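Below you'll find the structure, written out as structure tokens, and then a few comments.
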Amino acid sequence: MEFTGYRALVVDDEPYVRDLASRSLAKRSLQCDVASDGEEALVLASRYAYDAVITDLRMPRCHGHSLAAELLAWPNRPKIIVLTGLAEPRLVEDLRHRGVDEVLHKPIDFDELASRVASLIDPAFVDDDDIESPKSQLLLSKIEISLTELSEMFAERLEGIFEVDEALIDPPSAVNDYIIRLEEEEALAEQNAPNGSKKARAAEVMKRRRERARVKAVALAVPVTRHFVRCGQPFSLALRDVSESGVRLLHTRASSSEYLALKWSCQTLPFREIEVVSKVMRCEPLSRFYDYGCQFVLAD
Numbered sequence: 020m021e022f023t024g025y026r027a028l029v030v031d032d033e034p035y036v037r038d039l040a041s042r043s044l045a046k047r048s049l050q051c052d053v054a055s056d057g058e059e060a061l062v063l064a065s066r067y068a069y070d071a072v073i074t075d076l077r078m079p080r081c082h083g084h085s086l087a088a089e090l091l092a093w094p095n096r097p098k099i100i101v102l103t104g105l106a107e108p109r110l111v112e113d114l115r116h117r118g119v120d121e122v123l124h125k126p127i128d129f130d131e132l133a134s135r136v137a138s139l140i141d142p143a144f145v146d147d148d149d150i151e152s153p154k155s156q157l158l159l160s161k162i163e164i165s166l167t168e169l170s171e172m173f174a175e176r177l178e179g180i181f182e183v184d185e186a187l188i189d190p191p192s193a194v195n196d197y198i199i200r201l202e203e204e205e206a207l208a209e210q211n212a213p214n215g216s217k218k219a220r221a222a223e224v225m226k227r228r229r230e231r232a233r234v235k236a237v238a239l240a241v242p243v244t245r246h247f248v249r250c251g252q253p254f255s256l257a258l259r260d261v262s263e264s265g266v267r268l269l270h271t272r273a274s275s276s277e278y279l280a281l282k283w284s285c286q287t288l289p290f291r292e293i294e295v296v297s298k299v300m301r302c303e304p305l306s307r308f309y310d311y312g313c314q315f316v317l318a319d
């Protein structure tokens with residue numbers, strides 16, 4: 020798509036975040052500047068009329084909260100997207116009340132970040148690939164509502180589970196590329212199924228598809244015991260699709276944990292996150308990645 024005439028500022032003290040975010044935004048043909056802290060960002064924002072500012076919260080010198088609060092008070096302010104870890108709930112809640120446009124939790128899917136920034140700047144400038152059908156969006160919304168209710172059920176027991184001391188490395192872009200390729204291969208396999216089995220195969224596929232919704236997001240995974248006690252180091256992995264009963268994910272390595280606590284941002288419910296515990300039913304090598312099939316724990 021052609022997406023020109025807009026300018027964004029990425030503010031983060033981590034060089035790799037600035038680099039990956041600016042690359043993803045550049046793919047949308049946004050002109051992109053970077054700053055390593057809030058003070059530098061304010062200097063740039065006073066010099067250029069940015070359409071969007073994407074800022075981390077934890078930074079040296081001028082904190083991201085102070086930067087966002089300052090920008091929110093400006094006339095003709097830019098769209099403000101806050102990137103945060105999982106240990107600043109009060110700051111995030113304050114920023115939401117002040118009127119920030121989006122809060123995304125790390126680890127970040129940078130292509131998804133670029134898509135959201137583009138749609139916030141101008142809803143008309145959205146890639147065809149980013150547009151899901153109304154039925155797909157309705158299904159995803161239904162699933163997310165169900166999973167947020169499940170999240171509330173276990174909220175007290177999961178308190179503190181998702182806190183991380185430092186930013187996690189996102190899955191490489193090759194993971195998302197491979198997910199897209201898998202979808203294309205699955206669709207091609209359905210078309211080329213033998214005539215005798217096409218009808219039964221099509222019925223089976225349609226049944227599964229009615230239950231699952233495609234979701235493009237990065238999840239934080241924390242190994243836990245069956246009693247929800249943390250038992251390993253957190254890591255991030257890419258979601259393939261989700262249903263009310265489980266989720267399929269892709270990662271660069273295997274996990275030996277029987278249970279994973281998972282957290283990711285909702286796609287259809289603003290400012291909501293899903294926090295659930297899942298049982299790993301499958302963790303198998305798939306090309307150079309590992310395919311996870313997880314079933315949500317619905318009760319004790």
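Residue numbers (the numbering used here): 20 to 319. Every residue gets a Cβ at the ideal spot worked out from N, C-alpha and C, and that includes glycine. Keep in mind that this is a model prediction, so the values were computed, not measured.
Put simply, the backbone Cα of L279 is about 16 Å away from that of T271. With distances taken between CA atoms, Y35 lies nearest to V53 out of R47, G24, A92, V53. A residue is called buried when at least 16 other Cβ atoms come within 10 angstroms of its Cβ; M300 does not meet this threshold and is exposed.
For A88, the enclosing alpha helix (DSSP H) has its first and last residue at 83 to 91. In the three-state DSSP reduction, L139 falls in the helix class (H, G or I).
A Cβ-Cβ distance of about 6 Å is found for the pair V234 and Q286, placing them in contact under the 8 Å criterion. Short of 6 Å from the beta carbon of S160, and not among the five residues preceding or following it, lie these beta carbons of its own chain, in chain order: T287. In this structure, the alpha-carbon of S165 lies about 11 Å from that of L158. Here I199 is exposed: its Cβ has fewer than 16 other Cβ atoms, across all protein chains shown, within 10 Å. Going by C-alpha positions, F181 is about 7 Å away from V241.
Ranking H124, V30, S155, L201 by CA distance to the CA of R231 puts S155 first.
Bounds of any beta strand (DSSP E) do not take in V183, whose DSSP letter is neither H nor E. H246 counts as exposed, since fewer than 16 other beta carbons sit within 10 angstroms of its beta carbon. In this model, L114 and V122 are separated by some 9 Å (Cα to Cα). It is roughly 9 Å from the alpha-carbon of A238 to the alpha-carbon of L268. In the three-state reduction of the DSSP assignment, Q156 falls in the helix class, which pools H, G and I. Excluding sequence positions up to five before and after V261, its CB lies within less than 7 Å of the CB of I162, R231, A232, V234, all in the same chain and listed in chain order. Apart from sequence neighbours up to five positions away, the residues of its chain that approach G251 with a beta-carbon distance below 6 Å are P242, S276, ordered along the chain. Residue environment analysis places R37 among the buried positions, since at least 16 neighbouring C-beta atoms fall within 10 angstroms of its C-beta. Annotation for A236: no alpha helix (DSSP H) segment contains it, and DSSP assigns it neither H nor E. Closest by C-alpha distance to A71, out of E58, T103, R26, is R26.
In this model, L63 and V29 are separated by some 11 Å (Cα to Cα). The beta carbons of A133 and L44 sit closer together than 7 Å.
Residue S284 holds the alpha-carbon nearest to the alpha-carbon of R135 among E294, C313, S274, S284.
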